[in-house]
Each structure stands twice: as C-alpha cells, then as structure tokens.
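**Student:** Below is a structure I'd like to ask you about.
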Amino acid sequence: MDEPPNNISRLESAISMSVYERIKQTNPDYILIDLTDFRLGEYLIDLGKYGQIAFGCNFLKKDNLKRLTSYLEELLNIKTKLSTISIGSLSDEELDTYIKRHIDNLIEYFGEERLVFFKQKLVCNYLDKDEIKYTPSFYVQNDTNDIIYRIYSIAGKYISYIDTPWPLIGDISCTKPFEYHYCSAYYDYMIDCIEYIVNGGHAHDEYIKTLHNEASVKCRHMIESVFSQQIIGRLTRLSLLDKRIVLLDSDKYFDELLFDEKQIHIHDWIYYDRDSDLDEIEATIKNLTRNSEDRLVFVAQSLFYHEKRRSLFTVFFNCGLVKEKDWFTYNRTQNFNPFQGSFHDVFDNCVTLRSKLVKLKTVGVANRVSVGTRFSEISLICEDGGTLEIGSSGRRFAGLCRALADSIVKIGDETSGSNIDLCAHMGAKIDIGDDVMFSIGCMVYAGDGHSIFDLSQIGDIVRKNLPKDSEIVIGNHVWVGFGAKILRGTIGDGSIIGAGSIVNKSIGRNCIAAGVPAKVIKKNMGWSRNNWILSLNQDSKAYAYYEEYIDTE
C-alpha cells in the first residue's frame, strides 16, 4: 500500500472535531476557552511511511488509544508507535504552529464571535486566615508556569483574551494549583468580563482593562490586609503607634486598616508603586525628616523590585533610616526545597530554578533568583530586593551563595566550584564571568557586612565603608586556587589566583597573582582545565580565550 486511505489524512482533525461536535450539539451561545488547557500536549501516532497524526491529550482517553492504534495497524498493515508530545519540549516555532492550529480549528468550527478566550495561572499563594501560604501542589506542578507563560505570549498574537489580575491569590480551600479555588475578587471579575462580552463587548476593550485594574486592586488589598496585621503587631510591640507614621503606598488602604484596628490615622502619605521615581521619594523623605521635630516612623505597605540595584531599602538607607526602628515593611522567610521551575509570587519574588538540588531561601520581598544549571548543589539566600543569577552549566557548582538587601550576584555559564562561599552584602555587587573555576574552599565577599567609623571625627561620626563602593568583578576563564579569598577589585580574563591568596585590589588579565595580599608574580600566562595536554593548542576552548594575545609568528 503506497498511499494512505483518504480518511487517514483527515483522521487527526476527525478525532479532535468529534469533541467539537459534541459541544456544538448543545448549541451554546458562547464557548469559554481556557488557554491553560493548551499545555496538556498531544499524542503522536507514527504511521511509518504514511507519516504521523497528532491530537490533543484532552481529546481522547488513554484507554481508547490501544483500540485506535490496533485499528490503524490492521487497516494499514503496519506497526504503529505511540508517543506523547510535551509542550515544554517544543521550540518557540513549533509551539507557535501548535497553538495556531488549535485556534484556527476552534474559529473554523464555532466561529470567532462565539469564542471567549481567557487566561488562567497557577496559584502559588493562598490565604489561610491571617497568613499567606504557598499552595502545597505548587511544588509539584511548578514547571507548568514556564509552559503557560510561553502559551500566552504566542496566543496573544492571534486572539484577544481576558487577562488574569495580578497579584492573584487563592483562598483556604486552594490545595491544588488547578482546582480553580481563586479568591472571590477573581470570580467577580470573570463574571463581569463575560457579561460585558456577551452584551457585545470585546476582550481588548478599555472597559475590560478597567475591570482588570479594579480586580487587581481588590486582590492586592486582600494580601495587604495580611501584611498590615503583621506590621501593626510589630509597631504595637515597639510602642510606636503614637509616633508620626508616614505611609508609602499606591493608596491609603493601610490607613483604613490601621484606623479599624487601632483607631489611629497615618500622619503623612507618599505615593509609591512599581513605577515610582525613587529619587523623588528619597528627596521627599529627606525633606520630611529634616523639617519634622517629632520622630517619624515610615511604613511601606508593599515593596517592589526596581532595576539599577536600587529599591526602597536603599532609599531608606540613604536617608539615614534604620530597619525595624525607623521603617517597617512586611517580612517573610520561605524555604524552597526541593523546587524546580518558575514562579512570580504575591511578594514580588521572581524565581526560576533548573535544578532540584538547589536549596533556596528568600527573606523579605522583591527578590530575583535565576539558576540555569541543572548540576548546581548550591544553597542560595536572597534577601530584601536581592538578585541572584547563575548561568547554565554542565559542571558541578556547590556551596553557599548570598545576595542581601539590594545586592547583585551574577555568575556566568560553565562556571564550577566546590564548597565555595559567595556573599554580596547590602548594596554590593559580585559579577563572575564564564568558565571560571573555583577550587575547593574559595570565598568571595563584597562589602564588609558591618559599619566602620573614624573615631577621630568631630561631631557627627559618619560611616566610612558605604555599601555602594563594594563591587567585585571576576572575568572569564579565571582559575581561583584552593582556599583563596577575594574581597574587592577586578580580576582580568584568563588569570590565575594562587592557593590561599587574599585579593584586595585589582589584578590584570592573563596574570598569576598570589600572596597575602595577592600580588602579580607573572604576566602573560594562561591555563587550561585539561591536565592531560602538553600544548595549549590541544584545548581549543582555552586557546580561544588567549588567541589574540598569542604571537603566532
């Protein structure tokens, strides 16, 4: 049989359309399509020389697959092979084709005017009385977020859909991410959107955007009510409620909660949101503190991640305000172990981990963590607006890595190490390049972690070691020897740091530096990870780092 029967070429759509036909027979006025269901993937039946057919996993139960494949084998006199297509494994181009095919089928069969597409998301946080918790199944289903985000970004090119409010939170009955036990604000929002579309509106209309913003505010207030209870409790224990309270928030919701709880109003309010001008806020705070005779207590209802190594943590520090004394915000510690996947939680923590071997602890809010390597056995601590980024690698990378308030730790691709200790203190930065090799027991510390003062000063004794001055840069293809300690400065590409050395100033490129403190002892030197070669030319990767410095004549 050289050509497949005519009906085989239409079998893929026939299987899918049988489901559509059952829906169509009910004669619905509108059909709600959850884009999240596109994540379920497809079954793929390999028909050998007759090609392949694919259909959604939600279109056919597994117990019917054997009957279908048996029928095809008998009809075509071949052996079939059944496999499952994972959406997460598809390239962007393949996923684009997959999603467009499904959308085109739906529109062709039902008509675009009858379809209402909407966006769901995995619920990773839920309210349990006066506490915000992580959904238990969130740790199991976490890879789903990656797939969902990719689906939405592609589907948006072809159709308009009802977006999900952010931050979205579940209620106490939310124990699994796809049980759809969202908060009441979400359901009210969906009902209002559907009613508007049924009456002739469209998902991309401004009115839908207004409903979305209102629902987002309601969700945020549910979350902030928990934040506020914690903050009010701390202010009460420290007897600070009678002080002049200055609120930083996008509205005065904390003021309402404070009055309901303690019959106290805030004294001043500074508008603060994700897109706020932090320079302007800093100037306002300094002006308030300078002109007030009374003690001021600042409360940040929510904190957001901001670019350029700066957030409200740094603003408060620059204004001379001390945490838990002059300013307060919501504080939370969460351990993620084991975890593999991506999420953006209601605390504005964005995390992507590619290895279940990573032990992550987030402290506070607005942290950014990304680990691309699947072989990392490192423990990570990210605190109060910190940033931790580790590139992809097939090499082992193990130890402890900390990014404290408003600090940044960036580690490039193919970097390795064992029993290493990296720490960027408040406002500091560590930037490590690609293919860096840390021997056992190395330390990299940016910032002193404590305040230093010159006692010979007269009057106000001002701090000498400001966090913004602390930055360590390690270039590409650097070898840091056993037990070496790097405290400040820049190490150029291709260099070697001797065992036990302490680096407290910059080292040039292609150097060997050693000692306490480390000094350059040889220049124009290189190295390779391969201990079995006699010539640098035998290691093409290492050679590439030094090629422009090698005299080939």
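So in our numbering, spot 93 of the sequence shown is number 77, and the numbers just go up one at a time.
We treat Cβ as the ideally placed atom computed from N, Cα and C, and that holds for glycine.
Only a predicted model underlies this, so the values are computations on that prediction, with no experimental measurement involved.
Here's the rule I'm using: 16 or more other beta-carbon atoms within 10 Å means buried, otherwise exposed. How should Trp463 be labelled?
**Tutor:** Translated into positions along the sequence shown, residue 463 becomes position 479. Buried is the call here.
**Student:** For Ile491 and Ile254, I'd like the C-alpha separation in whole angstroms.
**Tutor:** In the sequence shown, the residue the question calls residue 491 occupies position 507. In the sequence shown, the residue the question calls residue 254 occupies position 270. Rounded to whole angstroms, the separation of the alpha carbons of Ile254 and Ile491 is 45 Å.
**Student:** If I follow the unbroken alpha helix (DSSP H) through Asn403, where does it start and stop?
**Tutor:** Translated into positions along the sequence shown, residue 403 becomes position 419. Looking at the DSSP string, Asn403 is not in any alpha helix (DSSP H); the run it does join, the beta strand (DSSP E), is Gly401 to Ala408.
**Student:** Whose C-alpha, out of Ser137, Phe243, Gly185 and Leu232, is nearest the C-alpha of Val225?
**Tutor:** Translated into positions along the sequence shown, residue 225 becomes position 241. Checking the displayed sequence, the identity of residue 225 turns out to be Leu instead of Val. Cα-wise, what sits closest to Leu225 is Phe243.
**Student:** Which parts of the segment 329 to 394 are runs of the beta strand (DSSP E), unbroken and 3 residues or longer, counting only runs that do not cross its ends?
**Tutor:** 334 to 337, 343 to 347, 352 to 355, 360 to 367, 371 to 374 and 381 to 387
**Student:** Quick one, are the C-beta atoms of Asp13 and Phe102 less than 8 Å apart?
**Tutor:** The sequence position of residue 13 within the sequence shown is 29, counting from 1. The sequence position of residue 102 within the sequence shown is 118, counting from 1. No, the pair does not count as a contact, with Cβ atoms beyond the cut-off.
**Student:** State the DSSP-derived secondary structure class of Met206, mapped to helix, strand or coil.
**Tutor:** Against the sequence shown, residue 206 aligns to sequence position 222. When DSSP states are grouped into helix, strand and coil, Met206 belongs to the helix group.
**Student:** Could you give the residue range of the beta strand (DSSP E) that holds Arg447?
**Tutor:** For the purposes of this step, residue 447 is taken as the residue at position 463 of the sequence shown. No beta strand (DSSP E) holds Arg447; DSSP gives it neither H nor E.
**Student:** Give me the Cα-Cα distance between Ala350 and Glu373, rounded to the nearest whole angstrom.
**Tutor:** The residue labelled residue 350 in the question sits at position 366 within the sequence shown. The residue labelled residue 373 in the question sits at position 389 within the sequence shown. C-alpha separation (whole angstroms): 14 Å.
**Student:** How many angstroms separate the CA atom of Tyr82 from the CA atom of Ile132?
**Tutor:** Position 98 of the sequence shown, counted from the start, is the residue given in the question as residue 82. Position 148 of the sequence shown, counted from the start, is the residue given in the question as residue 132. Whole-angstrom Cα-Cα distance: 14 Å.
**Student:** Just checking my contact of Ala430 with Lys452 at CB under 8 Å: how many whole Å lie between their CB atoms?
**Tutor:** Your numbering for residue 430 matches position 446 in the sequence shown. Your numbering for residue 452 matches position 468 in the sequence shown. Between Lys452 and Ala430 the Cβ distance is about 11 Å, and since that is not below 8 Å, they are no contact.
**Student:** Identify every run of the alpha helix (DSSP H) within the segment 142 to 201, keeping only runs that are complete inside it and at least 4 residues long; order them along the chain.
**Tutor:** 168 to 182
**Student:** Taking all protein chains shown into account, do 16 or more other C-beta atoms lie within 10 angstroms of the C-beta of Asn129, making it buried, or fewer, making it exposed?
**Tutor:** Reading the sequence shown from its first residue, position 145 is the one you call residue 129. So Asn129 ends up on the buried side.
**Student:** How would you write the range of the alpha helix (DSSP H) that Glu240 sits in, first residue to last?
**Tutor:** Mapped onto the sequence shown, residue 240 falls at position 256. Segment Tyr237 to Lys246, the alpha helix (DSSP H) holding Glu240.
**Student:** Beta carbon of Leu518, beta carbon of Ala526: below 8 Å?
**Tutor:** Within the sequence shown, residue 518 is the residue found at index 534, counting from 1. Within the sequence shown, residue 526 is the residue found at index 542, counting from 1. Result no, Cβ atoms of Leu518 and Ala526 do not sit closer than 8 Å.
**Student:** Taking Cβ to Cβ, would you say Asp390 is nearer than 8 Å to Gly411?
**Tutor:** Counting from 1 along the sequence shown, the entry for residue 390 is found at position 406. Counting from 1 along the sequence shown, the entry for residue 411 is found at position 427. A contact, by the Cβ cut-off of 8 Å.
**Student:** May I ask which residues mark the beginning and end of the beta strand (DSSP E) holding Ile17?
**Tutor:** The residue given as residue 17 occupies position 33 in the sequence shown. Segment Ile15 to Asp18, the beta strand (DSSP E) holding Ile17.
**Student:** Provide the residue span of the beta strand (DSSP E) that contains Lys503, from first to last.
**Tutor:** Walking along the sequence shown from the start, residue 503 turns up at place 519. First-last of the beta strand (DSSP E) with Lys503: Lys503 to Lys507.
**Student:** Measure from the alpha carbon of Ile153 to the alpha carbon of each residue in Tyr145, His165 and Tyr142, then state which is nearest.
**Tutor:** Position 169 of the sequence shown, counted from the start, is the residue given in the question as residue 153. The shortest Cα separation from Ile153 among Tyr145, His165 and Tyr142 belongs to His165.
**Student:** Arg204 to Lys448, Cα distance in whole Å?
**Tutor:** The residue given as residue 204 occupies position 220 in the sequence shown. The residue given as residue 448 occupies position 464 in the sequence shown. In a straight line, the C-alpha of Arg204 is about 40 Å away from that of Lys448.
**Student:** Return the chain-ordered list of same chain residues with a C-beta closer than 7 Å to the C-beta of Gly356, the five sequence neighbours on each side being excluded.
**Tutor:** If you number the sequence shown from 1, residue 356 lands on position 372. Closer than 7 Å at Cβ, skipping near neighbours: Arg338, Ile374, Gly375 and Ser376.
**Student:** CA-CA distance, Leu388 and Leu406?
**Tutor:** Here residue 388 is taken as the residue at index 404 of the sequence shown, counted from 1. Here residue 406 is taken as the residue at index 422 of the sequence shown, counted from 1. Using only the alpha carbons, I get a separation of about 11 Å.
**Student:** Please report the straight-line C-alpha distance between Asn515 and Ile475, rounded to a whole angstrom.
**Tutor:** Within the sequence shown, the letter at position 531 stands for residue 515. Within the sequence shown, the letter at position 491 stands for residue 475. Roughly 23 Å between the two C-alpha positions.
**Student:** Count the other CB atoms, across all protein chains shown, that sit within 10 Å of the CB of Lys469; report buried if there are 16 or more and exposed otherwise.
**Tutor:** Stepping through the sequence shown from its first residue, residue 469 is reached at position 485. Buried: at least 16 other Cβ atoms inside 10 Å.
**Student:** Can you check whether the CB of Tyr314 is closer than 8 Å to the CB of Phe211?
**Tutor:** Walking along the sequence shown from the start, residue 211 turns up at place 227. Walking along the sequence shown from the start, residue 314 turns up at place 330. Yes. Within cutoff.
**Student:** Which of the three DSSP states, helix, strand or coil, is assigned to Asn129?
**Tutor:** The residue labelled residue 129 in the question sits at position 145 within the sequence shown. In this structure, Asn129 counts as helix in the three-state DSSP scheme.
**Student:** Can you check whether the CB of Asp329 is closer than 8 Å to the CB of Cys167?
**Tutor:** Reading the sequence shown from its first residue, position 183 is the one you call residue 167. Reading the sequence shown from its first residue, position 345 is the one you call residue 329. In this structure, Asp329 does not lie closer than 8 Å to Cys167 by Cβ.
**Student:** Please classify Gly478: does DSSP put it in a helix, a strand, or coil?
**Tutor:** Taking the sequence shown and counting its residues from 1, the one referred to as residue 478 is at position 494. Coil at Gly478, not helix or strand.
**Student:** Please determine if the segment 264 to 281 and the segment 245 to 254 are in contact, where contact requires at least 3 C-beta pairs separated by less than 8 Å.
**Tutor:** yes
**Student:** Roughly how many whole angstroms lie between the Cα atoms of Asp523 and Ile416?
**Tutor:** Position 539 of the sequence shown, counted from the first residue, corresponds to residue 523. Position 432 of the sequence shown, counted from the first residue, corresponds to residue 416. The straight-line gap from Cα to Cα measures roughly 22 Å.
**Student:** Note down the Cα distance separating Asn321 from Glu77, rounded to an integer number of angstroms.
**Tutor:** Residue 321 sits at position 337 when you count from the first residue of the sequence shown. Residue 77 sits at position 93 when you count from the first residue of the sequence shown. If you take the alpha carbons of Asn321 and Glu77, they lie about 33 Å apart.
**Student:** Can you give the beta carbon distance from Ser276 to Asp233, rounded, assuming they're within the 8 Å contact cut?
**Tutor:** Here the question's residue 276 lines up with position 292 in the sequence shown. Here the question's residue 233 lines up with position 249 in the sequence shown. Going by Cβ atoms, the distance from Ser276 to Asp233 rounds to 20 Å, so no, they are not a contact pair.
**Student:** So for Ala267, helix, strand or coil by DSSP?
**Tutor:** In the sequence shown, residue 267 corresponds to position 283, counting from 1. If DSSP states are grouped into helix, strand and coil, Ala267 belongs with the helices.
**Student:** Go through its chain and collect everything with a Cβ distance to Arg279's Cβ below 6 Å, but skip five positions before and after it.
**Tutor:** Within the sequence shown, the letter at position 295 stands for residue 279. Within the same chain, Arg279 has close Cβ partners Lys227.
**Student:** Taking the C-alpha atoms as reference points, what is the distance between Arg513 and Ser73?
**Tutor:** Position 529 of the sequence shown holds residue 513. Position 89 of the sequence shown holds residue 73. Cα-Cα distance, rounded: 32 Å.
**Student:** May I have the straight-line CA-CA distance separating Thr68 from Asn403, to the nearest angstrom?
**Tutor:** The count along the sequence shown starts at 1 and reaches residue 68 at position 84. The count along the sequence shown starts at 1 and reaches residue 403 at position 419. Rounded to whole angstroms, Thr68 to Asn403 spans 40 Å at the Cα level.
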